[in-house]
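Chains as they are written, first to last, in the numbering used here: chain A, 765 to 963; chain B, 10 to 242.
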C-alpha cells in the first residue's frame with residue numbers, strides 16, 4: 765500500500781542502511797515525520813554535508829575531512845610502525861584497544877580471487893607510495909584472519925619484499941577468556957603452530 | 010513442491026560470502042550432488058567461529074531443490090589453514106572447480122580429488138605434484154581426459170624415443186625430423202601415464218599440457234588465483 769510518493773521514497777532511501785529492511789525503514793520514516801521533524805532535518809543536513817566533505821586521508825586513506833586525518837597529523841605518533849588494515853572500522857577497533865602508537869594504511873577491502881577482486885582494486889600502489897614516504901622499520905599486516913585476509917597479507921608481503929626491514933602478521937589463536945574445548949579446529953592448529961616461548 | 014532433503018553429506022567449502030546481515034552464502038563441492046550453493050542463516054558473527062571457511066571439510070544437511078538451498082546443519086570434519094603459496098594453490102584448485110563445473114552436476118571423483126589435494130597440501134608435500142594430479146582428474150571429470158600412452162585417434166602406443174606434439178581435443182601426434190619448443194619426447198609422456206612425478210620432465214611436460222588445456226577451456230578471462238603466487242616460485 766502506498767501512503768504518499770514522498771513517504772515511499774523516504775522508506776526506500778532508508779533501506780540503503782545495513783540491517784534496515786522495509787518494515788524498519790517504514791517505522792523510521794513515520795517516526796521522523798510524526799514525532800521528530802527537527803531531528804529529521806538535522807539528519808538530512810548532516811548526511812548531505814558528510815557525503816560532500818568526508819574524503820580519504822591522503823596518507824592512510826581512512827575517512828576524514830581534512831587532507832590528513834588526525835592520526836596521520838599527530839606528531840606524537842611514531843613512524844617506525846605501519847599497520848595495514850582492511851577498513852576504517854579496524855582502525856577504530858585498534859585505537860579503542862589502545863597500545864598501538866604507529867601509523868595506519870587502509871586497504872578498503874581484501875583480495876578475493878573467486879570474486880574477481882584483484883590487487884588493482886585495492887590501490888596497492890598507494891601502499892607502496894606510503895611505505896616509501898614513511899620509511900617504517902616494520903609493516904604489520906593486520907588484515908582479518910580469514911582466507912581472503914591471509915591471501916591479501918601474502919600478496920602485500922611479496923609486493924613490499926625487501927623495501928621494509930621487517931614485515932609481520934598479527935597473531936591468530938585462542939581468544940582471551942576462551943576455552944580450548946569449544947574452539948574450532950583450525951584456530952587450535954594455528955594457535956599451536958604460532959606458540960611462543962614463555963618469557 | 011516436493012521438498013528435497015539431504016542429510017550429513019560430506020562436502021568441501023569452496024567459497025563463502027556475506028549475505029544480508031547475519032547470513033552467509035556458501036559454495037560447496039559435495040560428494041554426491043556436485044557443486045551446491047546454499048544459505049546458512051544467522052551464522053555470521055558467531056562468537057566461537059564456525060566451520061564454513063574456505064577449504065574446510067564439512068558434513069552438511071540442507072533442504073530445497075532450487076539453485077540456492079538452505080543449509081540446516083553443518084559440522085566440521087577437517088579444518089584447513091593455508092598460507093603463502095600453498096594458499097595460492099588451494100585457491101587455484103577451487104577457482105578451477107568454480108569456473109569449469111556446473112552446479113548440481115555430480116562429480117564424485119572430483120570431490121575425492123579435491124579432498125585428497127586439501128589433505129596433501131595440509132601435510133606439506135610437493136605442491137606441484139598435487140596440482141598435476143588434481144588437474145588430471147579434473148580434466149577427466151569434465152570430459153577432456155588426456156591419454157598419455159597412445160597416439161591421437163587411438164592409434165599406436167607412444168614410443169619412448171618418439172617425438173610428439175600435443176593438440177587440445179585431439180591428443181598426441183607423432184612428428185618426425187622437427188625440433189622446436191612444442192616437441193615432446195615420448196618417454197616424458199609415458200612417465201606421466203605412469204604417474205612418475207619424481208621425474209622432472211614428467212612434471213614439466215604435464216604442467217605445460219594441462220595448462221594449455223585448461224586455458225582453452227577457461228577462455229579469455231584469466232585465473233585470479235595465479236596472481237597470488239609468489240613471484241619466482
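Glycine residues also receive a C-beta, built at the ideal position from the N, C-alpha and C atoms.
Measuring C-alpha to C-alpha distances from residue 205/B to each of 91/B, 137/B, 16/B and 176/B identifies 137/B as the nearest. If you check the CB distance, residue 109/B and residue 23/B do not come in under 8 angstroms. Restricting attention to 864/A, 892/A, 953/A and 875/A, the CA atom closest to the CA of residue 913/A is found in 875/A.
Nearest to residue 880/A by alpha-carbon distance, out of 18/B, 238/B and 231/B, is 231/B. Burial check for residue 145/B: the Cβ neighbour count within 10 Å reaches 16 or more, so the residue is buried.
Contact of residue 895/A with chain B is not assigned, every C-beta pair being separated by 8 angstroms or more.
For a Cβ distance threshold of 7 angstroms, nothing in chain B lies close to residue 868/A: the least Cβ distance comes to about 23 angstroms.
74/B is the residue among 54/B, 218/B and 74/B whose C-alpha sits nearest the C-alpha of residue 46/B. By the criterion of a C-beta distance shorter than 6 angstroms, residue 915/A is surrounded in its chain by 875, once the five residues flanking it on both sides are discounted. Here residue 207/B carries a coil assignment [DSSP, helix/strand/coil].
Membership of residue 847/A in the beta strand (DSSP E) is indicated by the continuous run 845 to 849.
Neighbours of residue 918/A in chain B, taken as residues at a C-beta separation under 7 angstroms, are given in chain order as 92, 93, 96 and 237.
Assignment of residue 42/B by DSSP, reduced to helix, strand and coil, places it in the coil class. Listed along chain A are 877 and 878, each with a C-beta nearer than 8 angstroms to that of residue 104/B.
Between residue 845/A and residue 902/A, the CB-CB gap stays under 8 angstroms. One alpha carbon belongs to residue 804/A, the other to residue 849/A, and they sit about 34 angstroms apart.
Neighbourhood of residue 883/A in chain B, by CB distance below 8 angstroms: 236, in chain order. Annotation for residue 916/A: the continuous alpha helix (DSSP H) segment containing it runs 911 to 924. Chain-ordered, the chain B residues with CB closer than 8 angstroms to the CB of residue 954/A read 90.
Setting aside the 5 residues that flank it on each side, residue 50/B is surrounded in the same chain by 32, each with a C-beta closer than 6 angstroms to its C-beta; the list follows chain order. For residue 24/B, the three-state secondary structure derived from DSSP is strand. Taking all protein chains in view, the Cβ of residue 42/B is crowded by 16 or more other Cβ atoms within 10 Å, so the residue is classified as buried.
The beta carbons of residue 870/A and residue 932/A sit no closer together than 8 angstroms. When C-beta distances to chain B are compared with 7 angstroms, the residues of the stretch 897 to 918 of chain A below that value are 911, 914, 915 and 918, in chain order. Contact between the stretch 115 to 131 of chain B and the stretch 161 to 178 of chain B is absent: fewer than 3 CB-CB pairs across the two stretches fall below 8 angstroms.
At least one C-beta of chain B is nearer than 8 angstroms to the C-beta of residue 782/A. What residue 83/B touches in chain A, judged by beta-carbon distance under 7 angstroms, is nothing: the nearest beta carbon there is about 12 angstroms away.
Distance from the Cα of residue 158/B is smallest, within the candidate group 211/B, 85/B and 93/B, for 211/B. Close to chain B, meaning a Cβ-Cβ distance shorter than 9 angstroms, are the following residues of the stretch 930 to 961 of chain A: 933, 936, 939, 942, 946, 947, 948, 949, 950, 951, 952, 953, 954 and 957.
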